[in-house]
Amino acid sequence: MKRSIIISFILLVLLAACSPNGSGAECKQGICVSLEVLGPIQAMEPAPFIITVKTDKDVTGLGISISGDATVSIIDIEKKPDGAKLGYQDKTSLSWLIDTKGGVEYSFSGHVAFPKPTVSYGVFNYGLIVAAGNPSITRVTDSVTIYMDSSGKQVEEGTAKSAMQTDFPAPTPPPDLTIVPVTPFPTVTWPTETPFPSPTQTQPAYPAPGKQISTEGANQKQPLPSPTQAAYPNP
């Protein structure tokens, strides 16, 4: 009994690792689209993806597109429906135009590569989104998020979200790193302001208008000024 339980558990783990990453088809106004990325996924290695589109009636010029984060690369397109015309292509996105028949399912497949994380700890996530629509009808989207650990190995979504809520310690600096302390700027002490001397009241040389001149001492005998002798006699 114990052995069968262990075997069942191993089978469940393997099935989970190989199951497609996707949330099922998204539908709106008669247009359905879905995106799947097949795992297990390893950074820098091609991972298969599948786009499925279906309309409930004929649609002329239905746009189909796939795009990823700036670091996610769409490597190639392995399969596309007959009649699908490539509209745009670059490293991270592709788009097509196709005329669909009501009730018919159309599939696009190819490979995508995810980058290797550049930090030695934590969990990282990368996104892909697919859209299908027509300007006269609507636009429907479906997306997939891939989680990876620091080694570039895929992590199950529940485990990844739990780990992303955990505070990781900051990386330890190398032993030969010299940290130079920041020298504060010197404090500048400004001199206190010195008040200017108050002006001394000056007595006027002449009396103010309407006032009399003092005659005190006018009758006193005043010394006569001594004449100044010339240096040479006058001619």
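Residue numbers for the sequence shown follow my numbering, beginning at 1307 and rising by one.
For each residue, glycine too, the CB sits at the ideal point set by N, CA and C.
Distance, residue j Cα to residue i Cα
i	j	result
A1437	E1463	23 Å
S1468	I1404	41 Å
V1339	D1396	22 Å
T1451	L1341	11 Å
G1409	G1458	40 Å
D1362	F1355	24 Å
P1421	A1349	5 Å
S1371	W1402	6 Å
Among the options, the one whose alpha carbon lies nearest that of residue i
i	options	result
I1347	N1440, T1444 and Y1432	Y1432
M1454	S1442, P1441 and T1424	T1424
D1364	S1379, G1345, A1376 and G1336	G1336
Nearest-angstrom Cβ-Cβ length linking residue i and residue j, presumed shorter than 8 Å
i	j	result
L1400	I1383	7 Å
V1429	K1334	32 Å between Cβ atoms; not a contact.
Any non-hydrogen atom of the ligand MN within 7 Å of residue i CB
i	result
D1375	Ligands are entirely absent from the displayed structure, and the ligand MN is therefore not among its contents.
Within 8 Å, strictly: CB atoms of residue i and residue j
i	j	result
S1543	K1385	With the chain represented from 1307 up to 1541, any question about residue 1543 goes unanswered, as that position is not in the structure.
A1419	A1466	no
G1389	L1434	no
T1358	S1413	yes
L1344	T1406	no
Strand pairing of residue i, partner residues [DSSP]
i	result
F1355	V1343 and G1416
V1365	T1406
K1391	L1403
S1456	The partner list for S1456 (beta bridge, DSSP) is empty, contrary to what the question assumes.
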